[in-house]
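Colleague: Structure incoming, see below.
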Amino acid sequence: MQIVIETSKWSFRKRVKTKQGFKTAFFSPIPTPFNYGFIEGTLGEDGAPLDVIVLGPRLESGAGLDLGIIGKVNFIDDSQRDDKYIATIDGRRHEKAIKVFFTLYAVTKILLGLILEQRLTKNSFTGVEWFEERQTL
């Protein structure tokens with residue numbers, strides 16, 4: 001299963017892949033402690049490819065990996081289910097870091113909605129599911 005990294009670990013810039021390459025979608029007030037990207041050939045409920053976080057060392061935007069999925073972050077983004085699948089390079093789960101980051105991320109998204117858009121958005125982290133075996137989607 002091919003994974004493409006859009007945003008490198010510890011980056012404040014959320015990047016997205018376009019036909020012209022990678023561009024900055026927005027600047028985050030908190031850096032992502034994971035590599036963040038998508039699973040090629042998939043579509044989520046939001047019409048975009050399925051999101052994936054990749055645990056392990058920092059990877060550059062555009063890096064491609066062939067990894068299986070070990071779990072899923074259950075997340076609501078602006079009232080819409082927007083789960084993030086989990087892959088790992090180093091075999092570790094980093095469960096505490098995932099829980100802390102996505103709890104903080106949900107609160108940050110609510111605050112940004114209030115400040116920038118003057119509206120209350122529903123954003124919540126509802127847990128992590130771990131799979132018994134690596135999966136492909």
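In the working numbering, the protein residues as written are 1 to 137.
The C-beta atom is built at its ideal place from N, Cα and C for all residues, glycine as well.
This one's a predicted model, so the numbers in the text were calculated from it and none came from an experiment.
Relative to the C-alpha of GLY71, which candidate in ASP83, GLY21, PHE102 has its C-alpha closest?
Modeller: Closest by alpha carbon: ASP83.
Colleague: Within the same chain, show all residues whose beta-carbon is closer than 6 Å to that of ILE89, passing over the 5 residues directly before and after it, in chain order.
Modeller: Within the same chain, ILE89 has close Cβ partners GLY56.
Colleague: Identify, in the order they occur along the chain, each residue of the same chain with its Cβ nearer than 6 Å to the Cβ of GLY113, setting aside the five sequence neighbours on each side.
Modeller: Excluding positions up to five away in sequence, the list reads ARG119, THR121.
Colleague: For PHE34, name the three-state secondary structure that DSSP assigns.
Modeller: Here PHE34 sits in coil by DSSP.
Colleague: Taking the alpha carbon of ALA25 as the point to measure from, which residue in PHE125, THR7, ASP77, PHE131 has its own alpha carbon closest?
Modeller: Of the listed residues, the one whose Cα sits closest to ALA25 is THR7.
Colleague: State the CB to CB distance for the pair ASN74 and VAL54, rounded to an integer number of angstroms; the pair is presumed to be in contact (CB under 8 Å).
Modeller: Contact doesn't hold; Cβ gap of about 18 Å is too wide.
Colleague: With DSSP as the reference, label GLY62 as helix, strand or coil.
Modeller: GLY62: coil per DSSP, three-state reduction.
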